[in-house]
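Remarks on the structure that follows.
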DNA sequence: GATCATTGCTAGGTTTAGCAAGCAATATTT
DNA sequence: AAATATTGCTTGCTAAACCTAGCAATGATC
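Chains as they are written, first to last, in this note's numbering: chain A, 1 to 113; chain B, 1 to 113.
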């Protein structure tokens, strides 16, 4: 089970967007977005993944990999055998840490209002 | 319409394979393979595309593109003047935020469960 | 020429992607 | 406090992915 839902939910919340705001910018219904985030969709369309990647400023490949699709560079199917995700300037970060960082980003961006 | 069907059919015939031979090696039913080749499937699973790409010795990206899916186009970290530090898996992060995240990472890793 | 295997393909089915409409809970406004 | 708007989510629904079983046509084997 790939559990990419919590990841894209964390991405959305880090950007302080509502499901309906995302719907507006991606043309993906908020109902379906909710299903994506709560793990009810196994194989979302690459097109929708691409839209979300663009809106959330993450790479298309990252989302593909999270979902469990083969990724070109990776030259194979990846079921997250490697628990460490290479990160920009933050160094190696585990998936769990990644979620915590996204949650903290949300906090950071909300604290002055 | 993207007409990738004739392409993968040509690939198969170039390799002198029957639908059932392809079925054996890819675990994709010959019935469905036929539908793929005759333009009856609009959005085939990336996983199946990957299997076919491997068997036919073409790149996964090529098939993705033929189908009409967005293809990952080396959009790694791009040098820009914007105050964006990283487009990693956390989305766009400013330099300031990045410092806070690093600090928080340190905190995360030092706390005991 | 008759029989049998192999070919690509269709019919009919189950499962899932994705949507429109609506729900209960929370937030906002008056 | 009451009315209203916004939130995430669930409930059916349609369409499409993908399968099993079978078809007609061609090819082999006797």
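By construction, the Cβ of each residue, glycine as well, lies at the ideal position given by its N, Cα and C atoms. These numbers were taken from a predicted model, which means no experiment stands behind them.
Distance, residue j Cα to residue i Cα
i: residue 62(B); j: residue 15(A); result: 33 Å
i: residue 114(B); j: residue 58(A); result: This structure does not reach residue 114(B), given that chain B is present from 1 up to 113, and the question cannot be answered.
i: residue 81(A); j: residue 43(A); result: Residue placement at residue 81(A) is flagged as unreliable, the pLDDT there being 47, under the threshold of 50; the coordinate-derived value follows with that caveat. Each residue's alpha carbon lies about 19 Å from the other.
i: residue 25(B); j: residue 23(A); result: 40 Å
i: residue 9(A); j: residue 47(B); result: 24 Å
i: residue 38(A); j: residue 65(A); result: 18 Å
i: residue 2(A); j: residue 40(A); result: 11 Å
i: residue 96(B); j: residue 29(A); result: 34 Å
i: residue 60(A); j: residue 49(A); result: 7 Å
i: residue 67(A); j: residue 17(A); result: 21 Å
i: residue 55(B); j: residue 100(A); result: 41 Å
i: residue 51(A); j: residue 27(B); result: 30 Å
i: residue 149(B); j: residue 5(A); result: With chain B covering only 1 through 113, there is no way to say anything about residue 149(B).
i: residue 102(A); j: residue 111(A); result: 14 Å
i: residue 45(B); j: residue 7(B); result: 17 Å
i: residue 94(B); j: residue 94(A); result: 21 Å
Residue i burial status per 10 Å Cβ neighbour count (16 or more: buried)
i: residue 92(A); result: exposed
i: residue 109(B); result: exposed
i: residue 89(B); result: buried
i: residue 20(B); result: exposed
i: residue 53(B); result: buried
i: residue 98(A); result: buried
i: residue 13(B); result: exposed
i: residue 11(B); result: buried
i: residue 78(B); result: In this prediction, residue 78(B) scores a pLDDT of 49, lower than 50, which makes its location untrustworthy; no coordinate-derived value is stated.
Identified DSSP bridge partners for residue i
i: residue 5(B); result: BP columns for residue 5(B) are empty, so no partner.
**Message:** Counting only Cβ-Cβ distances shorter than 7 Å, please list the residues of the region 26 to 46 of chain B near chain A, keeping chain order.
**Reply:** 43, 45, 46
**Message:** Taking beta-carbon pairs under 7 Å, can you tell me which members of the region 94 to 106 of chain B lie near chain A?
**Reply:** 97, 98, 100, 101, 102, 104, 105
**Asked** Of the residues that make up the region 7 to 23 of chain A, which ones have a beta carbon closer than 7 Å to any beta carbon in chain B?
**Response** 11, 14, 15
**Request:** Could you run through the region 55 to 67 of chain A and flag, in chain order, every residue whose CB is less than 8 Å away from some CB of chain B?
**Result:** 56, 57, 58, 59, 60, 61, 62, 64
**Prompt:** Are three or more beta carbon pairs between the region 96 to 111 of chain A and the region 33 to 42 of chain B nearer than 8 Å?
**Reply:** no
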